[in-house]
Amino acid sequence: EESFALGRKRRASFSSKRDALSDTQASCAQIANDLMQFANGRVFIDYLYPDDASKKLIRDTAGGVIENVIHSFQGMIDQLDWMTVDTKRKAYNKTMEIIKNVAFPDWIMNNTQLDAYYQDLTFNSTDNYFDMYSKLTVFNIRLQYKQLTFSQTDRTDFLGQPGTVNAWYQPELNSITFPAGILQPPYFHPLWPASINYGGMGLVAGHELTHGFDDEGVQWGPSGAISFPSCDNCTGWMDANSTAGFNSMAQCVISEYNNFCPPNLSQYSPNCVNGVQTQGENIADNGGIHAAFRAYRTHIALDGPDPLLPDRLFGQFTHDQLFFLSFAQVWCEKPRTNDKLYQQLMVDPHSPSMYRVFGTIQNYPAFQVAFNCPVNSRYTPSSHCNVWVPNKEP
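Counting with my numbering, you get residues 185 to 578 for the letters of the sequence shown.
1. List the endpoints of the continuous beta strand (DSSP E) containing residue 353.
2. Does the region 241-255 come within contact of the region 362-369, defined as at least 3 CB pairs closer than 8 Å?
3. Give the single residue among 327, 239, 338, 471 whose Cα lies nearest to the Cα of residue 283.
4. With three or more C-beta pairs closer than 8 Å as the rule, is the region 508-522 touching the region 370-384?
5. Quick check on the burial criterion: 16 or more other C-beta atoms within 10 angstroms. Buried or exposed for residue 257?
6. Spatial neighbours of residue 380 within its chain, please: CB distance less than 7 Å, with the 5 preceding and 5 following residues excluded, ordered by chain position.
7. Could you check the C-alpha separation between residue 416 and residue 404 for me, to the nearest Å?
8. Could you tell me how far apart the beta carbons of residue 366 and residue 349 are, in whole angstroms, since I believe they sit closer than 8 Å?
9. So the candidates are 565, 218, 490, 272; which of them puts its Cα closest to the Cα of residue 425?
10. Where does the unbroken alpha helix (DSSP H) through residue 549 begin, and where does it stop?
11. Looking at C-beta atoms only, is the number of pairs between the region 218-232 and the region 338-347 that lie closer than 8 Å three or more?
12. Going by DSSP in three states, residue 284 sits in which element: helix, strand or coil?
13. Should residue 476 and residue 387 be called a contact, given that it needs their Cβ atoms to be closer than 7 Å?
14. Can you have a look at residue 262 and say buried or exposed, based on whether 16 or more other CB atoms are within 10 angstroms of its CB?
15. Once the 5 residues before and after residue 385 are set aside, which same chain residues still bring their CB inside 6 Å of it?
16. In chain order, what residues of the same chain have a beta carbon less than 7 Å from the beta carbon of residue 550, not counting five sequence neighbours either side?
17. Whole angstroms are fine: how far does the CA of residue 254 sit from the CA of residue 390?
18. Does the Cβ of residue 278 have 16 or more other Cβ atoms within 10 Å, making it buried, or fewer, making it exposed?
19. Identify every run of the beta strand (DSSP E) within the region 317-403, keeping only runs that are complete inside it and at least 3 residues long; order them along the chain.
20. Kindly list the residues whose CB is nearer than 6 Å to the CB of residue 504, restricted to its own chain and excluding five residues on each side of it in sequence; keep chain order.
21. List the whole-angstrom C-beta distance separating residue 535 from residue 441, where the pair is believed to meet the contact cut-off of C-beta under 8 Å.
22. Assign residue 496 to buried or exposed, taking buried as 16 or more other Cβ atoms, counted over all protein chains shown, within 10 Å of its Cβ.
23. Taking the C-alpha atoms as reference points, what is the distance between residue 571 and residue 544?
24. Please confirm whether residue 454 and residue 281 have their CB atoms less than 7 Å apart.
25. Alpha carbon to alpha carbon, how far is residue 294 from residue 234?
26. Going by C-alpha to C-alpha distance, which of 399, 317, 267, 502 sits closest to residue 464?
27. If I measure Cβ to Cβ from residue 408 and keep anything under 6 Å in the same chain, skipping five residues before and after, which residues do I get?
28. By how many angstroms is the C-alpha of residue 396 removed from the C-alpha of residue 286?
29. By DSSP's criteria, residue 410 is part of a beta bridge. Which residues make up the other side?
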């Protein structure tokens, strides 16, 4: 499962609520969410969206952003100068076949179906914590094994509970999932300006979509079947010339991120980002922001720009600038200790958050234009990587 990993695996978007809980209470809540994800998800959805109108609003507005980002990415594919016409057609087809899961699975809102899902799970009034935990663990393991008996894969499977503050691309399903947990501030709100929604939720959508076209995603076809481009016995959807172009793009990203070395880690070895280890996430970050920003600009071209924000501070920023501020906020996190940062460099497929921001914006001329960055400055290097955009792009 490809996970968006918003700074931390469990980012505290609802910190004000969680701060009121003791460590024991928070742990119990997390276990309940993990082991009864759809029962808890139903409670969560009923609380967030108490009527049909509110459910429709979140799906229409968030779903609209996701659709627009996909259309934007399709336009990016068409403009690529390193991809052949036939491979472009296949890549476009893969985007058309992507399953989009938004907010919650429909079936959990049906009492009969939800009861049937949990029909084999029973508790007694005399059960203690260990008894309940054991029953839940066995129940979930049996659910996993039960899938082996299914004659057909359900590509609409959310594979996670609706309250999760995360998003993911599933290559073997060719699906992208955006639970209700991430369709909340600071990432999204139906009434927010397009610049902020596309910089936050749009970036998330672009990131997950691009995972379908990163170093691992390109190995899977439109329906989720494995499709190695170089396999003699497989029908890879990328031809040799397109594969060479993709590899060149990926190598640029690898080389760039290899040179990102967090300060204060000179006593550690290695002390720089591993470009190979993090290439999938870095490609998704860079391709994702291109798709999100282009979708945002298309939105305002059709619907008109939003007025400046009525705020003494944020009213000073243009909406293009607000887009990038919203993007950067996605990666905001409490600084890690040096040991934790070193551990991340060693094993995490994600680059440290500061480089997820910096590496992306130094590759994107639109940021440099929005903030009037001088040529050859830190944010406007003389050369940069063009990720899922033409090599001739400035």
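Note that CB positions come from ideal geometry on N, CA and C, so glycine has one too. Since this is a predicted model, take the numbers as computed values, not measurements.
The relevant details are as follows:
1. Where residue 353 is concerned, the enclosing beta strand (DSSP E) stretches over 352-354.
2. Counting C-beta pairs closer than 8 Å gives three or more between the region 241-255 and the region 362-369, which meets the contact rule.
3. Of the residues 327, 239, 338, 471, the one whose Cα lies closest to the Cα of residue 283 is 338.
4. As far as the Cβ criterion goes, the region 370-384 touches the region 508-522, which means the pair count is three or higher.
5. Under this definition residue 257 is a buried residue.
6. Excluding positions up to five away in sequence, the list reads 506, 510.
7. For residue 416, the predicted model reports a pLDDT of 47, less than 50, meaning its position is unreliable and no value from the coordinates is stated.
8. Right, their Cβ atoms sit about 5 Å apart.
9. In terms of CA proximity to residue 425, 272 leads the group 565, 218, 490, 272.
10. First-last of the alpha helix (DSSP H) with residue 549: 549-554.
11. With a cut-off of 8 Å, the region 338-347 and the region 218-232 count as touching, because enough Cβ pairs lie within range.
12. In this structure, residue 284 counts as strand in the three-state DSSP scheme.
13. In contact: residue 476 and residue 387 (Cβ atoms closer than 7 Å).
14. Per the 10 Å Cβ criterion, exposed.
15. These residues qualify, in order along the chain: 249, 371, 372.
16. Same-chain partners within the cutoff: 477.
17. Going by the C-alpha atoms only, they are around 7 Å apart.
18. Buried, by the Cβ-count rule.
19. The beta strand (DSSP E) runs lying completely inside the region 317-403 and spanning 3 residues or more are 352-354, 359-363, given in chain order.
20. 554.
21. The pair is a contact, with the Cβ atoms about 6 Å apart (cut-off 8 Å).
22. Around the beta carbon of residue 496, a 10 Å sphere encloses fewer than 16 other beta carbons of the protein chains shown; the residue is thus reported as exposed.
23. Between the alpha carbons of residue 571 and residue 544 lies a gap of roughly 10 Å.
24. No. Outside cutoff.
25. If you draw a straight line from the Cα of residue 294 to the Cα of residue 234, it is about 14 Å long.
26. Comparing Cα-Cα distances from residue 464 to each of 399, 317, 267, 502, the minimum goes to 399.
27. Counting only Cβ-Cβ distances below 6 Å, and skipping sequence neighbours, we find 356, 357, 358.
28. If you draw a straight line from the Cα of residue 286 to the Cα of residue 396, it is about 17 Å long.
29. The beta-bridge partner set that DSSP reports for residue 410 consists of 404.
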